[in-house]
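K.L.:
Each residue of the sequence shown is one higher than the one before, starting from 69 at the first, in the numbering used here.
Glycine included, C-beta positions come from ideal geometry on N, C-alpha and C.
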Amino acid sequence: MRQLLLDLLPESPPSLDNFVPGGNGETLAAFTAWLADEGGEFSFCLWGEAGCGRSHLLKASGFAYHDAAADPALAALPEAAALAVDHVDALDGDGQIALFNAFNRSKAAGGRLLTAAPQPPA
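(1) Taking Cβ to Cβ, would you say Leu84 is nearer than 9 Å to Leu125?
(2) Spatial neighbours of Ser129 within its chain, please: CB distance less than 7 Å, with the 5 preceding and 5 following residues excluded, ordered by chain position.
(3) Report yes if the C-beta distance between Gly119 and Phe87 is below 9 Å; otherwise report no.
(4) List the whole-angstrom C-beta distance separating Pro189 from Cys113, where the pair is believed to meet the contact cut-off of C-beta under 8 Å.
(5) Quick test of your reading: Pro140 and Asp160, contact by CB under 8 Å. State the CB separation rounded to the nearest angstrom.
(6) Give the straight-line distance between the Cα atoms of Glu222 and Ala137, rounded to the nearest whole angstrom.
(7) Per DSSP, Leu125 is paired with what?
(8) Does Asp162 come out as helix, strand or coil in the three-state DSSP assignment?
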């Protein structure tokens, strides 16, 4: 018989400091530059296969985070100057319209919009 470790410490919240970029160093550099508003673009899309860290980076951004996988219609989408929408590939028709409207509102108001999906935008 062996004693098992009972890890009672809560998981650290996602941050840029505890992100392990692996082969995604160039993406991380572009993302941190965008967060610092070095390119003047108001939107940024992270894409890649499952487990590559998209959700971690969205949560680490400090933006109002919304998971489209849990709310495909974006019915509970917050109105925020800095908005992060994860799993945009899961959006239904209403969610796509809601994201389009959020995109336009964000752009008009000088806000920032961050999205993530497994595939690049079309």
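P.N.:
A quick look at the data gives this:
(1) yes
(2) Leu103, Ala152, Leu182
(3) no
(4) 5 Å
(5) 4 Å
(6) As displayed, the chain neither begins before 69 nor continues past 190, which places residue 222 out of reach and without an answer.
(7) None; Leu125 has no bridge partner.
(8) helix
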